[in-house]
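Beneath this line is the structure, given in structure tokens, with notes to follow.
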Amino acid sequence: MRLGGPIFDDYCDPETWIQALKRHGYRAAIWPLAADAGGHELEAYVEAAASADVVIAEVGAWSNPLSGNETERRDAIALCQRQLDLADKVGARCCVNIAGSRGEQWDGPHPDNLAQETFDMIVDTVREIIDAVKPSRAFYTLEPMPWIYPDSAESYLDLLRAIDRPQFAVHFDPVNLINSPARYYNNGTFICDFIDKLGPYIKSCHAKDTLLSGKLTVHLDEVRAGLGYLNYAVLLQRLDALDSDMPLIIEHLSSDDECVQAADYIGAVAKNIGVRL
Numbered sequence: 001m002r003l004g005g006p007i008f009d010d011y012c013d014p015e016t017w018i019q020a021l022k023r024h025g026y027r028a029a030i031w032p033l034a035a036d037a038g039g040h041e042l043e044a045y046v047e048a049a050a051s052a053d054v055v056i057a058e059v060g061a062w063s064n065p066l067s068g069n070e071t072e073r074r075d076a077i078a079l080c081q082r083q084l085d086l087a088d089k090v091g092a093r094c095c096v097n098i099a100g101s102r103g104e105q106w107d108g109p110h111p112d113n114l115a116q117e118t119f120d121m122i123v124d125t126v127r128e129i130i131d132a133v134k135p136s137r138a139f140y141t142l143e144p145m146p147w148i149y150p151d152s153a154e155s156y157l158d159l160l161r162a163i164d165r166p167q168f169a170v171h172f173d174p175v176n177l178i179n180s181p182a183r184y185y186n187n188g189t190f191i192c193d194f195i196d197k198l199g200p201y202i203k204s205c206h207a208k209d210t211l212l213s214g215k216l217t218v219h220l221d222e223v224r225a226g227l228g229y230l231n232y233a234v235l236l237q238r239l240d241a242l243d244s245d246m247p248l249i250i251e252h253l254s255s256d257d258e259c260v261q262a263a264d265y266i267g268a269v270a271k272n273i274g275v276r277l
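Residues in the sequence shown are numbered consecutively from 1, following my numbering.
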């Protein structure tokens, strides 16, 4: 496996970017440049990553292709197309976005998010993104969410079948999928089931943690890796067996110190079970 995460260091060129990655012990990276960067600059970063044995895990396309605002929706689809094209150019394993939301909050809950109409909209949107770009290397993926499709292994399988595009694949974020006490307390089994069903399609993963509080009714909070209940031993074992180059990307932390603590925890678990990061 290959651990990666955000970089808070200042860097101005491929060399200082690679130095920052190495300082953190990262062998996977989030693509650092915008789609409008010059061709020579893109090539320089790609070559630097290859020379340093760093896998470009993902290119983000964070937006709401399901927005009820038509301008926002079209802009989001155009962004996803640009970012997927960028991912294909630089050899990233995937371009990742969430499906979106039917509400005003781009990543929030909404009464219509789990409707059949929304599922069909996701299918049409993903096809439109992939068909416009026609990527040959990178895959377009959807990060799972607790309140919109894909919200389970089953709904992800349904999307794979319905979208029916070879360049549509899977992004795995187990914490986002833990949306009930049952999944929380049995998350090791849940992780195994997800990987059993979708393993060959998984291109990248996110690393964080989840913590259930005693406040009624149900409160599940995202926390730093090591501060919650996620079964990292199972997660790392199963992902490593799946693909020795599988990226695991630390996310949603606000400081370098937090990233170091998360990486140290994940590294300690990996060492204990004999997995190389």
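From the three backbone atoms N, C-alpha and C, an ideal C-beta is built for every residue, glycine too. Quick caveat, the model's predicted, so the values are computed rather than measured.
Residue i versus residue j: straight-line alpha-carbon distance, rounded
i	j	result
M121	L79	17 Å
A52	G91	15 Å
N187	S136	35 Å
R165	I148	21 Å
Q261	A225	8 Å
D85	T71	21 Å
N97	I77	11 Å
D179	P146	It should be noted that the sequence gives Asn, not Asp, for residue 179. Their Cα atoms are separated by approximately 6 Å.
A115	V275	40 Å
P32	M1	21 Å
D75	W106	13 Å
V175	A34	28 Å
F81	V123	Looking at the sequence itself, residue 81 is Gln, so the reference to Phe does not match. If you take the alpha carbons of Q81 and V123, they lie about 15 Å apart.
N272	R238	15 Å
D10	V269	29 Å
H24	L230	22 Å
Y265	V170	25 Å
G267	G228	16 Å
C94	V54	15 Å
A87	K215	42 Å
V234	T210	15 Å
L160	F119	12 Å
G199	F168	14 Å
A207	A99	19 Å
E58	L253	17 Å
D131	S213	44 Å
R102	L142	16 Å
In DSSP terms, what residue i is bridged to
i	result
Y140	C95 and F168
V247	This sequence places Pro at residue 247; Val is not what is there. Beta-bridge pairing links P247 to R2.
S204	H171
G60	V96
T210	E222
Exposed unless 16 or more other CB atoms sit within 10 angstroms - verdict on residue i
i	result
P111	exposed
H40	exposed
P6	buried
N64	buried
G68	exposed
R27	buried
T189	exposed
G38	exposed
Y232	buried
D173	buried
C12	exposed
E138	Here the sequence assigns Ala to residue 138, which means Glu is not the residue at that position. It counts as buried.
Stretch pair the region 16-26 + the region 215-225: three plus CB contacts closer than 8 Å: no
Inter-stretch contact at 8 Å, needing at least 3 Cβ pairs: the region 196-211 / the region 245-264: yes
Any beta strand (DSSP E) of 3 or more consecutive residues that is wholly inside the region 12-69: 28-30 and 55-60
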